[in-house]
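Working notes, structure below.
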Amino acid sequence: MDILAQLIVSGISVGMVYGVIAFGYQLTFATSKTLNFGQGEALMLGALVGLTTINFLIATGMSTLVAFALMLPIVLIFGLAQGAVVEFLGVRQAMRTKSEAGWIMATIALGIIFKNLAENIWGRDALRFPSPLPEQALSLGAVRIQPMEIAILLGALGLMVAVEIFNRKSIYGKAVVATALDRDAAGLMGIDTRLVITFSYALSSMSAAFAGVLVAPITLTGPAMGGALGLKAFAVAIIGGLSSGYGVVVGGMILGITENLTGYYISTGYKDVPGLLLLLLVLSIKPAGLFGSTAIKKV
Amino acid sequence: MANKIFLASILTSTALVGMTLVASAQSNNPIKVGLSGPFTGGSSSMGVSMRDGVKLAVDEINKAGGVLGRPIQLIERDDEAKNEVGVQIAQELINKEKVVATLGFINTGVAQAAQRFYQESEIPVLNNVATGSILTNQWPDQKVNYVFRTSANDIIQSAMISNEAVTRLGLKKPAILADSTNYGQLGREDLTLALSKLNVKPVAAEKFNIGDTDMTAQVLKAKEAGADVILTYAIGPELAQIANAMAKLGWKVPMVGSWTLSMASYIDTAGPNGDGAIMPQTFIEAPTTPKRKAFIEAYHKAYGGDRMPSPVSAAQGYDSAYILAAAITQAKSTEGPKIRQALENLEAKIEGVVTTYDKPYSAKDHEAISPNIPIMGLVKGGRVVPAHPEDLAGDKAVRVKPKG
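Just so you know, the protein sequences line up as chains H and L, in that order.
FYI, the numbering used here numbers position 116 of the first sequence as 1292, with every residue one higher than the one before it.
FYI, the numbering used here numbers position 392 of the second sequence as 1443, with every residue one higher than the one before it.
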């Protein structure tokens, strides 16, 4: 029982990271029906910018915790800007020409460019990210958990709740929701839908960058860190449903937990298999995802 | 038929005369030696240290007048630890740069893919870091082999790891954790075999991918299987994740593994969690002989710092350059077959950093490091120190390959 609890707790914290990245996929899909396939690279860039900033701040004599807190807004702003750039360079043109696949190619290409850029700036090595919280594990009953894993859980949930509240309560957020519901109608009501789509890309990369600095202290930071995470988050977005914010949270947890359970109870060699099986299963039974609403595409 | 042979011999001799003329015209041209290793990426601490060790030796050799009166020029290439890049580099070094020999290789997979081209072109390779057991015996059906090694292969290492855990520490329930690369999986096989010779069966054998960040499942499995020691075959970052996962789960058993536990990326990332790990080392950064003292000082004078990123790679790289220089001197030629013959019958006794090389190779044996040479190292306070200081005491400081 203790082991099961330990596996689930560890799975949840990994799953929440998948969830935040998948949340980013969901944000842009809602407004523009497009995705940023370079989401993993947005995460990686956020983490590396965060690393440079935090190292600079620590060098000025701050404690790691203060430096981490001061670094966060910089990383979030960087994420916003990076997302806007992706939308401007990669998606806008494809949407204008109503290209079905143009944005796929463009966002993948941008992801590769960002990765090469990062390799040139930060080198190809994996770097250690200073941990803002003590690395000593806490005991909750028989379950042991690192403080940073709790921070990942709370931070990820906090970010997603903040974005949801913003979308539901603020006038700008309502413009986002309106665009998501019906882009043409929103445009007729005087909403600059193009700006809204840029904004959703900015928010999407911001959440990825945030996930990057959350996960960096318990892993390593480097240009290669985004690839696998971005791909897993994509699976999560499919499993949970691209139209549901809650879906990706649950989807993330499902994937994180199944990975750990398979690793323990079946074989660590097959850790990645059930996630993919689940993906195929969901796609064949409920293509909109476990929590997605089935949309009818009118032609 | 006889005519043909006659004609051929005339042609060959003309060609030879031609070559001698060219050679004498080039007599002060540098001798080109290839250097292939990962200078970026997860294996770069080993690659960079190896390169720096080789460069240090070549600088010394050139300052002392070079080889055959000519300086050695290193052609350095970054293989990024990728097999396909390693192959491209091998072809470039052989066909375009026309190197007379190549030093290097950190990754078993890269070496396995690239060495074939040297074998075909009859150009010797001194493999100075990669440990895969197969590497010096890739072509058992061919008459001659152009691959030589100055590192301790995985058969030696897995035997040392098993002995350390089972015999010296008395731990009979090992769990093997290995990554899913060639290195990890071949190492796991070698380890299982070495353990079976001691009548020990691993209680668990777990696997993970490069880049995996959560080792909870693997470590929990080892723990629940009742393991009393963890044996590892993986590289730095993932090894650090294992140490961190053990610390997280509050489970402390000794960790014994292949020499990669001495990588800076393991020691730095795992921090205090990484202390106590034990691994085979051909060289420990400690001035136990005057030669080693001079080497360590020269290294830090040239490259700064007070700790080599990978001392083993630096030392083996340094020694490999001296062995090659001695072979070229003895061959009085830069032709591959002659250098190979010289390597297989080296007359000069070379006092290296790792050991003293007295006839390190023969036609059958291309391994310079014998099982008695490496000792066990221990991670302590961010450095690698001897696990059992008595191993290096007195005249045991320099351990020499037995004659045979």
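We put the CB at the ideal spot given by N, CA and C, even for glycine.
| Item | Value |
| --- | --- |
| Where does the unbroken beta strand (DSSP E) through N1178 (chain L) begin, and where does it stop? | 1176-1178 |
| Under a CB-based cut-off of 8 Å, is D1319 (chain L) close to chain H? | yes |
| Residues of the stretch 1094-1110 of chain L in Cβ contact with chain H at a cutoff of 9 Å, in chain order, please. | S1095, S1096 |
| Are Y1463 (chain L) and G1104 (chain L) touching if we call contact CB-CB under 8 Å? | Since the first residue shown for chain L is 1052 and the last is 1455, residue 1463 (chain L) is missing from the structure and cannot be characterised. |
| Check L1397 (chain L) in the structure and name its three-state DSSP category. | coil |
| Which residues in the same chain have their Cβ closer than 8 Å to the Cβ of A1181 (chain H), if we skip the five residues on either side of it in sequence? | G1317, A1318, V1319 |
| Counting contacts by CB-CB distance shorter than 8 Å, is A1404 (chain H) in contact with chain L? | yes |
| Which class does R1300 (chain H) belong to by DSSP, given the choice of helix, strand or coil? | coil |
| Roughly how many angstroms lie between the CA atoms of K1400 (chain L) and I1420 (chain L), to the nearest whole one? | 15 Å |
| When the Cα atoms are used, what is the spatial distance from F1168 (chain L) to L1237 (chain L)? | 23 Å |
| Quick one: which residues of the stretch 1269-1283 of chain L get their C-beta closer than 8 Å to a C-beta of chain H? List them in chain order. | Q1269, L1271, K1272, E1275 |
| Can you name the start and end residues of the alpha helix (DSSP H) that D1230 (chain L) belongs to? | Element bounds for D1230 (chain L): not the alpha helix (DSSP H) but the beta strand (DSSP E), 1225-1230. |
| What in chain H is Cβ-close to D1265 (chain L), meaning under 7 Å? | S1186, V1190 |
| Using a Cβ cut-off of 9 Å, pull out every chain H residue sitting near P1440 (chain L), in sequence order please. | Within chain H, no residue comes near P1440 (chain L); the closest Cβ sits about 30 Å away, beyond 9 Å. |
| Can you list the residues of chain L that Q1182 (chain H) reaches, using a CB-CB cut of under 9 Å? | T1267, L1271, L1300 |
| On the three-state DSSP scale, how would you describe Y1348 (chain H)? | helix |
| Hey, does E1257 (chain L) have any beta-carbon neighbour from chain H nearer than 8 Å? | yes |
| Give me the subset of the stretch 1300-1328 of chain H whose CB atoms are less than 9 Å from a CB atom of chain L, sorted by chain position. | R1300, D1301, A1302, R1304, E1311, Q1312, A1313, S1315, R1320, I1321, Q1322, E1325 |
| Which residues in the same chain as I1207 (chain L) place their Cβ atom closer than 6 Å to its Cβ, once the five residues preceding and following it in sequence are excluded? | P1422 |
| Which residues, in chain order, does the stretch 1423-1443 of chain H contribute to contact with chain L at a C-beta distance below 7 Å? | N1436, G1439, Y1440 |
| Output, in chain order, the set of chain L residues within a Cβ distance shorter than 7 Å of A1400 (chain H). | G1262 |
| Identify the residues that DSSP records as bridge partners of P1437 (chain L): which are they? | L:G1428 |
| Got a sec? Which residues, its chain only, sit under 6 Å from S1100 (chain L) by beta carbon, not counting five neighbours each side? | M1359, P1360, S1361, S1364, A1365 |
| Mind listing, in chain order, the continuous alpha helix (DSSP H) runs of no fewer than 4 residues lying wholly within the stretch 1091-1170 of chain L? | 1095-1114, 1134-1142 |
| Cβ atoms of A1285 (chain L) and G1235 (chain L): under 8 Å apart, would you say? | yes |
| Beta-carbon within less than 8 Å of L1300 (chain L)'s beta-carbon, same chain only, minus the 5 sequence neighbours each way: which residues are those? | T1267, V1270, L1271, K1274 |
| Residues bridged to V1084 (chain L) by DSSP? | L:L1125, L:A1152 |
| Rounded to whole angstroms, what is the Cα-Cα separation between H1439 (chain L) and I1329 (chain L)? | 10 Å |
| Can you tell me which of the three DSSP states L1418 (chain H) falls into? | coil |
| Does G1451 (chain H) come within less than 8 Å of chain L when only Cβ atoms are used? | no |
| Is the CB of G1356 (chain L) under 8 Å away from at least one CB in chain H? | no |
| Quick check: what's the CA-CA separation for L1394 (chain L) versus A1321 (chain L)? | 41 Å |
| Sort L:L1119, L:I1212, L:A1278, L:T1232 by Cα distance to V1248 (chain L) and report the nearest one. | Checking the displayed sequence, the identity of residue 1248 (chain L) turns out to be Lys instead of Val. If we check each option's Cα against that of K1248 (chain L), L:I1212 comes out closest. |
| So, is the C-beta of T1311 (chain L) closer than 8 Å to a C-beta in chain H? | no |
| Determine the DSSP secondary structure at V1458 (chain H), reduced to helix, strand or coil. | helix |
| Give a yes or no on whether the minimum CB-CB distance between I1394 (chain H) and chain L is below 8 Å. | yes |
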